[in-house]
Amino acid sequence: MAQGDFLLDLGDGEKRQLNCSRIKHLLELEELCNASVMVILNRLRDSTWGVRDVREPIRLGLIGGGAPEEKAAVLTMKFADRRSDGLIGAAPYAAVIVAKALAGEALDQPLGKPSADQSEAGKSASSEASSSDSATS
436 MAQGDFLLDL
446 GDGEKRQLNC
456 SRIKHLLELE
466 ELCNASVMVI
476 LNRLRDSTWG
486 VRDVREPIRL
496 GLIGGGAPEE
506 KAAVLTMKFA
516 DRRSDGLIGA
526 APYAAVIVAK
536 ALAGEALDQP
546 LGKPSADQSE
556 AGKSASSEAS
566 SSDSATS
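Position one of the sequence shown corresponds to residue 436 (the working numbering), numbered consecutively onward.
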């Protein structure tokens, strides 16, 4: 999987590859929803969203994950327009897609716990600091 890709079950038991972290998709989302990505995420979280706030993250996430545009349109109709629980049921999925686009793998880490990359960077910085301290003593 490419950087930013993630798997998400959109409600039918099948995990699909999504990615909405590409800047062009975020810019398109903002244009289609006439709002910044953070405003869209907040609307999804506080249930003040509009139809495009729900549909477009799903569609763009599927495209970013590798689905052809036509297939993404069909899947968006399935998972947003024609859900038995309607757009209300699709809104949490859209929120996850937008949040993952903004935070990436940081969403997979417990709050306050550094990722493996951050831990390694911290360890090497710490060991460099201690070796320079002992060299100056």
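Where a beta carbon is used, it is the ideal one built from N, C-alpha and C, also for glycine.
All values derive from a computational prediction rather than experimental measurement.
Cβ-based neighbour list, L467, same chain, cut-off 8 Å, excluding 5 preceding and 5 following:
R487 and E491
Please state whether DSSP places L461 in a helix, a strand or coil.
helix
Terminal residues of the continuous beta strand (DSSP E) containing I442?
First, the amino acid is wrong: residue 442 is Leu here, not Ile. Taken as a continuous stretch (DSSP letters only), the beta strand (DSSP E) holding L442 covers F441 to D444.
Just checking my contact of N454 with G500 at CB under 8 Å: how many whole Å lie between their CB atoms?
5 Å
I want to see whether chain C comes within less than 8 Å of L453, judged by CB atoms only; does it?
Checking the listed chains, one finds no chain C in this structure; it contains a single protein chain.
Would you say L510 and E463 are within 8 Å of each other, going by their C-beta atoms?
no
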